Amino acid sequence: MEDVGRWRELCLAASSGRRAAVLTLLAELRTVDERGSAEDRKAALDELVRAAPRLWLHLDRFARSPDAAAGARPADDSGPLHLVLASFDANGRIRQAAVERLARRSGRYAASALALRTGDWVPAVRERAITALLGHVAPDEAAAAVRLLSRLERRCRTAGVLAAYRRALSAPERRRTVRRLAAEPDPYARRFGVELALELGEYVRGDLARTALHDRDQVCRTLCAARLLELDPDQAGRLMWARSAAVRELAVAALPDDVPSARLVGPLADRSRMVRAQARWKLYKRGEPPVEVYRRQLRRCGRATQPRLVAGLAAGLGECGDSTDLTMLEVLAADPTWAPVVRRAAVRALGRLGHVAERLTALAPLAADEAASVARETLDALGAACCATPELLRTALERTEPPVWKAAVRAARALAHWDRLEFMLVAAVDPRPEVAECARAELRHWMHARWSGGAADPGQLRRIGVLLRQAPLAEPDRAGIEWVLRAAARVSRLS
Numbered sequence: 005m006e007d008v009g010r011w012r013e014l015c016l017a018a019s020s021g022r023r024a025a026v027l028t029l030l031a032e033l034r035t036v037d038e039r040g041s042a043e044d045r046k047a048a049l050d051e052l053v054r055a056a057p058r059l060w061l062h063l064d065r066f067a068r069s070p071d072a073a074a075g076a077r078p079a080d081d082s083g084p085l086h087l088v089l090a091s092f093d094a095n096g097r098i099r100q101a102a103v104e105r106l107a108r109r110s111g112r113y114a115a116s117a118l119a120l121r122t123g124d125w126v127p128a129v130r131e132r133a134i135t136a137l138l139g140h141v142a143p144d145e146a147a148a149a150v151r152l153l154s155r156l157e158r159r160c161r162t163a164g165v166l167a168a169y170r171r172a173l174s175a176p177e178r179r180r181t182v183r184r185l186a187a188e189p190d191p192y193a194r195r196f197g198v199e200l201a202l203e204l205g206e207y208v209r210g211d212l213a214r215t216a217l218h219d220r221d222q223v224c225r226t227l228c229a230a231r232l233l234e235l236d237p238d239q240a241g242r243l244m245w246a247r248s249a250a251v252r253e254l255a256v257a258a259l260p261d262d263v264p265s266a267r268l269v270g271p272l273a274d275r276s277r278m279v280r281a282q283a284r285w286k287l288y289k290r291g292e293p294p295v296e297v298y299r300r301q302l303r304r305c306g307r308a309t310q311p312r313l314v315a316g317l318a319a320g321l322g323e324c325g326d327s328t329d330l331t332m333l334e335v336l337a338a339d340p341t342w343a344p345v346v347r348r349a350a351v352r353a354l355g356r357l358g359h360v361a362e363r364l365t366a367l368a369p370l371a372a373d374e375a376a377s378v379a380r381e382t383l384d385a386l387g388a389a390c391c392a393t394p395e396l397l398r399t400a401l402e403r404t405e406p407p408v409w410k411a412a413v414r415a416a417r418a419l420a421h422w423d424r425l426e427f428m429l430v431a432a433v434d435p436r437p438e439v440a441e442c443a444r445a446e447l448r449h450w451m452h453a454r455w456s457g458g459a460a461d462p463g464q465l466r467r468i469g470v471l472l473r474q475a476p477l478a479e480p481d482r483a484g485i486e487w488v489l490r491a492a493a494r495v496s497r498l499s
C-alpha cells in the first residue's frame with residue numbers, strides 16, 4: 005500500500021506538467037523497471053493507467069529531453085512497464101519494436117501506449133500503431149484509447165485516427181464496448197460513447213430522458229435531449245424541469261408554436277437568459293409582445309409568490325422592456341420586504357433600461373442599501389452602464405462589507421481616466437490592507453489603460469499629486485504614474 009501511495013503521489017505531481025515532476029516520475033519508473041520487484045512494477049503501471057490522460061502526454065513530451073535518462077532496447081520477453089517506457093524512446097526503431105510487441109498484448113496500458121504512438125512523427129511507427137490499435141476494442145482498452153485519442157484529435161498527425169477507431173467500434177459485436185464508453189467518468193470518452201450510442205440506436209426513450217435530466221455531463225444531457233425531442237416532441241413538458249439550461253432551452257424550442265401564453269410563464273421567468281430568450285421568441289413569432297406578458301405577470305405577483313418566479317420576471321422585463329418600466333422595477337428593487345434575489349434581479353434590470361441619466365437616478369440610492377448583496381449588484385450595474393460617479397463610489401468604498409467595496413473598485417474601471425486614477429489613489433491610502441492592496445493592483449492596470457492625451461484639469465492633477473505622495477506604492481509603479489502626470493501637466497500648459 006505504501007508503494008501504491010508513492011506512485012499515486014508521483015503521478016499526481018507529474019500530471020501538472022511541471023518538467024521537474026515529470027522527469028522525476030520517469031527516473032523512478034526506469035529505476036523500478038530495471039531493479040524493482042514485480043509487485044512494484046505492477047503498482048507503478050496500475051497508477052499510470054489510472055492517472056489522468058494528460059500524464060501520458062507529458063511523459064511522451066519529456067521522455068526524449070536531454071535531462072531524461074535513455075531507455076533500454078525492448079527484448080522479446082520485456083514486461084509491460086518496460087514496453088511502455090520503450091514506446092517513449094527517442095530512437096524510432098525502439099519505438100517501432102515496442103509498438104510491434106504491444107500489438108500482441110492486451111489491456112489498458114497497451115491501448116494507451118498505442119494510442120499515443122498514433123501521433124508519432126515517424127510514418128512507420130505511426131502506421132503500425134494505428135493498425136494495432138484498431139484491434140484493441142475491448143471495453144477497458146477502448147476507454148483508455150479514446151481518452152487519449154480525443155485529446156490528440158487536433159494534431160495533424162492523428163487526423164482521422166479517432167474516426168477510424170469509431171468505425172471499428174460501430175460493429176454490432178462491439179455494443180457492450182459502446183455502452184461502457186457512454187458510462188465512462190472521463191468527459192471526453194463519455195461524450196464519444198454517448199454520440200456513438202445515439203448513432204447506433206442504443207438508447208430507448210426512457211434512457212434518453214434519464215440521461216437528459218440527470219447525467220452529470222452537460223454535453224451528454226444536451227445530446228440525449230435533442231434526440232429525445234426529435235423522436236417525441238411531447239416530452240418537451242417533462243424536459244422543461246431539467247436542471248440543465250441547455251436542455252430547458254431545447255424543450256422550449258420544441259413546444260408547438262401555438263402554445264398558450266400561460267404555459268410560457270415559467271420559461272419566460274427562467275433563471276437562464278437563453279431559456280427566457282427562447283420563450284420570448286415563441287411569442288414574437290406569432291406577433292405577441294412578450295413585454296406585455298411580463299408586465300401583466302409582475303402586477304399579479306405578491307409577497308406569497310415564489311421569489312425565483314418574481315426574479316425571473318423582473319430579469320426578463322429588463323431584457324425586453326423600456327423606460328416606462330423603470331417605476332415598477334424601482335419598487336421591486338427598493339422595497340426591503342421583497343426577497344434579496346428579487347431585488348437583485350430588479351437592480352440588474354434597471355441597469356439595462358432607460359438613458360444614462362435615468363439609470364443613475366434609479367440606481368444611485370440603492371448603492372447605499374443596507375443589504376450588501378443589493379448594494380454590490382447596484383455598483384456592478386452602474387459600472388456596466390458606465391454611469392457611476394466618483395462621489396458615489398467613494399461612499400461605497402467606505403462600506404465594511406468586502407463584496408461592496410470590491411464592487412466599487414470594479415465599477416471605477418468605467419470612470420474617466422483621471423477620475424479613475426484619483427479614486428484608486430484614495431483607495432490605496434485606505435487603512436484596510438486588503439483595500440489598499442486591491443487598489444494597488446488596479447493602479448497597475450490603469451497605467452496600461454489608453455489615455456487620449458487631452459488636457460486634464462490642473463486642480464485635479466494637483467490633488468492626484470498629493471495622493472500619490474501619500475500612497476504606499478512600489479517605486480516602479482510610482483515612477484510610472486509620475487511620468488504620466490508630468491506628460492499631462494505639459495499638455496495642460498500648452499492648451
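Add 4 to the 1-based position in the sequence shown for my numbering, that's all there is to it.
Every residue gets a Cβ at the ideal spot worked out from N, C-alpha and C, and that includes glycine.
Bear in mind that the values here come from a model prediction, so they are computed numbers and not experimental data.
Query, Result
"Nearest candidate by alpha-carbon position, reference Ala440, set Pro340, Ala478, Gln464", "Ala478"
"Sequence-distant residues of the same chain with beta carbon closer than 7 angstroms to Ala257, five excluded per side", "Gln282"
"Beta-carbon proximity of Gly320 to Leu357, cut-off 8 angstroms", "no"
"C-beta atoms of Leu302 and Leu317 nearer than 8 angstroms", "yes"
"Burial state of Trp487, where buried means 16 or more other Cβ atoms lie within 10 Å", "exposed"
"Beta-carbon proximity check, Leu471 vs Trp450, cutoff 8 angstroms", "no"
"Cβ pair Phe66, Val129 closer than 8 angstroms", "no"
"With 16 other Cβ atoms within 10 Å as the buried cut-off, status of Trp342", "buried"
"C-alpha gap between Val263 and Leu185, whole angstroms", "39 angstroms"
"Which of helix, strand or coil DSSP assigns to Pro480", "helix"
"Pro237 beta carbon less than 8 angstroms from that of Thr181", "no"
"For Gln239, three-class secondary structure by DSSP", "helix"
"Contacting residues, own chain, Cβ-Cβ under 6 angstroms from Arg132 (five flanking each side not counted)", "Val103"
"Residue environment, Met5, which counts as buried when at least 16 other CB atoms sit within 10 Å", "Reliability fails at Met5, whose pLDDT of 48 lies under 50, so the model's placement of it is uncertain and no value is given."
"Alpha-carbon to alpha-carbon, Ala114 and Leu87", "9 angstroms"
"Limits of the alpha helix (DSSP H) - the one that Trp450 falls within", "437 to 451"
"Buried/exposed call for His452, threshold 16 Cβ in 10 Å", "exposed"
"Whole alpha helix (DSSP H) elements within the region 301 to 334, 4-residue minimum", "311 to 324"
"Local Cβ density within 10 Å of Met278, reported as buried at 16 or more and exposed below that", "exposed"
"Ala483, buried or exposed, once every other Cβ within 10 Å from all chains shown has been counted against 16", "exposed"
"Contact belief for Leu59 with Ala18 at Cβ below 8 angstroms, rounded distance in angstroms", "6 angstroms"
"Whether Leu397 touches Ala415 by CB criterion (8 angstroms)", "yes"
"Backbone CA spacing between Ser265 and Leu200 [nearest angstrom]", "38 angstroms"
"For Leu29 and Leu14, the rounded distance between their alpha carbons", "6 angstroms"
"Of the listed residues Arg436, Val198, Leu419, nearest to Arg179 (C-alpha basis)", "Val198"
"C-alpha distance - Asp274 paired with Glu203, whole-angstrom precision", "32 angstroms"
"Host alpha helix (DSSP H) of Asp423 (start-end)", "421 to 432"
"Beta-carbon gap between Ala216 and Ala246 smaller than 8 angstroms", "yes"
"Tyr207 versus Arg214: straight-line alpha-carbon distance, rounded", "10 angstroms"
"Separation of Ala229 from Glu362, as counted between CA atoms", "43 angstroms"
"Option nearest Pro239 by Cα separation, candidates Leu212, Ile98, Asp219, Ala250", "Per the sequence presented here, residue 239 reads as Gln, with Pro not at that position. Measuring from the Cα of Gln239, the nearest candidate turns out to be Leu212."
"Whole beta strand (DSSP E) elements within the region 80 to 132, 3-residue minimum", "none"
"Whole-angstrom distance between Pro57 and Leu232, CA atom to CA atom", "32 angstroms"
"Spatial neighbours of Val36 in its chain, beta-carbon cut-off 7 angstroms, leaving aside the 5 residues before and after", "Asp44, Arg45, Ala48"
"Beta-carbon gap between Arg290 and Asp326 smaller than 8 angstroms", "no"
"Nearest-angstrom beta carbon gap, Val351 and Leu367 [assumed within contact, 8 angstroms]", "7 angstroms"
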